[in-house]
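K.L.:
Before I ask anything, here is the structure I am working with.
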Amino acid sequence: MKVLVAGMGQSGFAAARLALAKGHAVLACDQSLADQLKVDLTPLLAKGMTFYGGSESPALLEGVQALILSPGVPRTAPLVKSAIERKIPVLGELEWGFRHGKGRVIAVTGSNGKSTTTTLLGQLMASHYGDVRTGGNLGTAYCEMVDGATDDTWFVLEASSFQLESIETFHARVAVLLNITPDHQDRYALFDEYASAKARVFLNQGRDDFAVFSASDPLVDAFGKASGGTHVRFSAQGPLSLGASVRNSSAVWIHGGREEVLFGLSDLPLPGTHNLEDALAACLAARCAGVPAEKLAPALRAFTGLPHRLERVGVVNGAAVYNDSKATNTDAVLKALTAFESGVVLLLGGKDKGADWSVLVPDVKRRCKAVVAFGAAREKVVAALDGLVPMGSFASLKDATANALNLAGPGDSVVLSPACASFDEFKNFEDRGEQFKSWVKGAMEKETRK
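Residue numbers (the working numbering): 24 to 473.
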């Protein structure tokens, strides 16, 4: 076929390389020029790919038999609309990979926690199976992992709403939906559009598949119950008569007329209700995929979490400091705050994504000692939370961090959990988190020298 790949980030690059390997004629385009991309197109150009930089014109569709979308290209783009009008198949990178790869898929999605759940699940699966490949929206693109896969291969994939928008035959043997809260309002005009994209993780599931989903969220519960797979529910917020929940000091799964202990709460080293929910989901998915129950607890005990997800950085002036830069919406902030009873100096701000800041009010009043706002969203943060606790406001995160460290004392916690994107100051949330950690470690070293 002659295919056009739109968007040349990591996923688009992997999709184009796979298309070339399968013998297709490949065109690619991106709004950026070649020298502005984060990937080097040289090896693909050497294999015959034609690249059109600075353009996503519908004119590029002439003679094309399939349009492959990178996650960053929305279906509302003129190029995509034109392809649909011309009845040219529009396939996401996940769909393209699925059509060319062997093996079985576990797909994990949700507004928050999917990276932690996917990583933990990959480790649980690797404790029992020989060929487990973990990636997707997290790290390695699916199209990059399919080479050499066999029927015995397991793919553990983090799937974003952007990726799930454009699947057709993609089929998860085990599909996990953690939660759905408002996010990406800059891409979705309506919350229902975003929620429906998430629910597509259950698409094409049948009786022999498993749908693992939260019973705590009514919307998620409804989507899960509508899936064609075997329903496996979980909740960290209350007991379930059927499904997985917490009883006394253990996570217990009730199914098939029996009760099974998944793990003890002491086996989970990560704080917060949200991490407990992620662990429940990961362990259930692993059990559905055939991992023996006795292998769960040892893998949990060895799991240290991911960088930038409520990551403990150190102690300054007696206050513990945490990097939760991955928290790019208010629901993620609320989940992080459940790990603390009080004394939190909370750093909020960055590039606003249309957040409803008012949802933070009860927990800020209950758990926070102070809030320090920063970046492009600082005025909105102050407007929503001023008067609840002492407030600070700074143009840069660096200055805000210095202020937060000064405000905190012994027994307090300084938490960077921004509820915003990072692009007003940083390349991405990882860059923001790494710079935050460097400033904190600098303060720790200065304290040591005193």
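Just so it is clear, CB atoms sit at the ideal spot from N, CA and C, and this is done for glycine as well.
1. Can you grab the Cα-Cα spacing for the pair Leu90 / Val113, in whole Å?
2. Could you name the residues of the same chain whose beta carbon sits closer than 7 Å to that of Lys403, not counting the 5 residues immediately before and after it, in chain order?
3. Going by C-alpha distance, which of Leu357, Thr351, Lys388 is nearest Gly377?
4. Closer than 6 Å by C-beta to Asp290: which residues in its own chain qualify, once you throw out the five before and the five after it? Chain order, please.
5. Name the residue from Ala442, Leu408, Thr163 whose alpha carbon lies nearest to the alpha carbon of Val356.
6. Taking DSSP's pairing of strands, which residues face Tyr75 in a bridge?
7. With C-beta atoms as the reference, is Val394 less than 7 Å away from Leu369?
8. Mind checking which residues open and close the beta strand (DSSP E) that includes Ser436?
9. According to DSSP, simplified to helix, strand and coil, what is Asn451?
10. Ordered along the chain, which non-local residues of its own chain (more than five positions away) have a Cβ less than 8 Å from that of Thr173?
11. The alpha helix (DSSP H) spanning Ala322 covers which residue range?
12. Counting pairs of beta carbons, one from the region 262-272 and one from the region 150-166, are three or more of them closer than 8 Å?
13. For a minimum of 4 consecutive residues, which ranges assigned as the alpha helix (DSSP H) are wholly contained in the region 338-392?
14. In the DSSP output, which residue or residues are listed as bridge partners for Lys25?
15. Report the rounded CA-to-CA distance for Pro131 versus Val179, giving the unit in angstroms.
16. Based on DSSP bridge pairs, tell me the residues matched to Gly126.
17. Buried or exposed: Lys70, going by 16 or more other Cβ atoms within 10 Å of its Cβ?
18. What residue from Ser273, His207, Val243 has the CA that sits closest to Ala222's CA?
19. Residues bridged to His278 by DSSP?
20. Would you tell me roughly how many angstroms separate the C-alpha atoms of Leu478 and Lys388, rounded to the nearest one?
21. Applying the 10 Å Cβ sphere with the 16-neighbour rule, what's the burial state of Gly247?
P.N.:
A quick look at the data gives this:
1. If you draw a straight line from the Cα of Leu90 to the Cα of Val113, it is about 5 Å long.
2. Short of 7 Å from the beta carbon of Lys403, and not among the five residues preceding or following it, lie these beta carbons of its own chain, in chain order: Asp375, Trp380.
3. Taking only the C-alpha atoms, the option nearest Gly377 is Thr351.
4. For Asp290, where only same-chain residues beyond five positions count, the Cβ hits under 6 Å are Ala320, Leu323, Arg324.
5. Val356 has its Cα closest to that of Ala442, out of Ala442, Leu408, Thr163.
6. The beta-bridge partner set that DSSP reports for Tyr75 consists of Cys52.
7. Cβ distance < 7 Å, so Val394 and Leu369 count as in contact.
8. Looking at the DSSP string, the run of the beta strand (DSSP E) that includes Ser436 is 436-439.
9. Secondary structure of Asn451 (DSSP, three-state): coil.
10. Apart from sequence neighbours up to five positions away, the residues of its chain that approach Thr173 with a beta-carbon distance below 8 Å are Lys125, Gly126, Asp154, ordered along the chain.
11. Ala322 -> alpha helix (DSSP H) spans 319-325.
12. No contact exists between the region 262-272 and the region 150-166.
13. Annotation note: the region 338-392 contains the following uninterrupted alpha helix (DSSP H) runs of length 4 or greater, listed N- to C-terminal: 353-360, 384-390.
14. Answer is Ala48.
15. It should be pointed out that residue 131 corresponds to Val in this sequence rather than to Pro. Distance between the alpha carbons of Val131 and Val179 is about 8 Å.
16. Its beta-bridge partners do not exist; DSSP assigns none.
17. The residue is exposed, with fewer than 16 neighbouring Cβ atoms inside 10 Å.
18. Scanning Ser273, His207, Val243 for the CA closest to the CA of Ala222 turns up Val243.
19. When DSSP reads this structure, His278 sits in a beta bridge with Arg281.
20. No statement about residue 478 is possible, as the shown extent of the chain runs from 24 to 473 and does not include it.
21. Buried, because 16 or more other Cβ atoms sit within 10 Å of the Cβ of Gly247.
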